[in-house]
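S.K.:
Residue numbers (this note's numbering), protein chains in the order written: chain A, 93 to 202; chain B, 3 to 119.
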């Protein structure tokens, strides 16, 4: 079935640093792609999404572009804050459910 | 909009007892709800898919008699962990799909931390 692979980390950064989390997908078609974020002790929140090739999803300073030529959906933020410390999951629909990546733990230090 | 709640947020129980976790869609109707389990520093493991008015569909390896799921209405699904044991201790998260809006988008609850002593 369709799946995603993401870099696992953990990633530790200083405030205002640039963040990239790589995500690549394997799919028979062109599924929608999602990034979810999980803050400590909480459930998942949808961070951003893209529904077709070349779409760019963006939210809270994060961006990801759906690139079919490289089958990628990398998450980026230009200047991270301590409050961005969380676990980030790449995901795509797989039949009736979502397939998640392994999750990337990001820690931002002041 | 699209808020999902879970209750309780934390529960501690003795080995051998049963625990019920509720998942509610507060401002939308959900024909489908999902139950996940998450181990520390791990990704989410889908346990089962719950459709309103019908039996839940369990993923391979999940004991349906141990993890009872009921989806009695378009806004409520419950997960009951029967005869809980310490190895059932985990973070349980539910999610729900909306009837309207983007078909494949799921909205997640805040999770329930279960500790079995």
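We put the beta carbon where it would ideally sit given N, CA and C, even for glycine.
1. So if I threshold CB-CB distances at 8 Å, which residues from the stretch 171 to 183 of chain A count as touching chain B?
2. What ranges does the beta strand (DSSP E) occupy inside the stretch 37 to 81 of chain B, keeping only unbroken runs of at least 3 residues that lie completely in it?
3. Let's see if you can read the secondary structure: which residues bound the beta strand (DSSP E) around residue 1 of chain B?
4. In the DSSP assignment, find the unbroken beta strand (DSSP E) run with residue 181 of chain A in it and report its ends.
5. Label residue 26 of chain B either buried or exposed according to how many other C-beta atoms from any shown protein chain fall within 10 Å of its C-beta, with 16 as the threshold for buried.
6. Taking residue 64 of chain B as the reference, which of B:83, B:22, B:79 has the closest Cα?
7. Could you name the residues that DSSP lists as bridge partners for residue 125 of chain A?
8. Could you work out which residues of chain B lie near residue 189 of chain A, taking near to mean beta carbons separated by less than 8 Å?
9. Using a beta-carbon distance below 8 Å, is residue 31 of chain B in contact with chain A?
10. Check whether chain A comes within 8 Å of residue 108 of chain B, counting only Cβ atoms and requiring the distance to be less than that.
11. Identify each residue in the stretch 83 to 98 of chain B for which the Cβ-Cβ distance to at least one residue of chain A is less than 7 Å, and report them in chain order.
12. Within 8 Å of any Cβ in chain A, is that where the Cβ of residue 113 of chain B sits?
13. Quick one: list the residues of chain B neighbouring residue 136 of chain A, beta-carbon separation under 8 Å, in chain order.
14. In the DSSP assignment, find the beta strand (DSSP E) that holds residue 192 of chain A and state where it starts and stops.
15. Determine the chain B residues that contact residue 193 of chain A at a beta-carbon separation under 8 Å, and present them in chain order.
16. Would residue 39 of chain B be called buried (16 or more neighbouring beta carbons within 10 Å of its own) or exposed?
17. Less than 8 Å between the beta carbons of residue 121 of chain A and residue 187 of chain A, yes or no?
18. Cβ of residue 25 of chain B within 7 Å of any heavy atom in the ligand PLP?
19. Taking 8 Å as the limit between beta carbons, can you name the residues of its chain near residue 119 of chain B, skipping five residues before and five after?
20. My output table needs one value for residue 107 of chain A: the three-state DSSP class, helix, strand or coil.
M.R.: Taking the structure as given:
1. 181
2. 46 to 53, 69 to 75
3. Not covered by the structure: residue 1 of chain B. The range shown for chain B is 3 to 119.
4. 178 to 186
5. buried
6. With distances taken between Cα atoms, residue 64 of chain B lies closest to B:83.
7. A:142
8. 36, 48, 51
9. Interface criterion not met: the Cβ of residue 31 of chain B is under 8 Å from no Cβ in chain A.
10. yes
11. The stretch 83 to 98 of chain B vs chain A, Cβ under 7 Å: 95.
12. It does: the Cβ of residue 113 of chain B has a partner Cβ on chain A nearer than 8 Å.
13. 46, 95, 97, 110
14. 189 to 192
15. Neighbours of residue 193 of chain A on chain B, chain order: 45.
16. buried
17. Not in contact: residue 121 of chain A and residue 187 of chain A (Cβ atoms no closer than 8 Å).
18. In the structure on display, the ligand PLP does not appear, and there are no ligands present to speak of.
19. Only 14, 15, 16, 17, 88 meet the Cβ criterion.
20. coil
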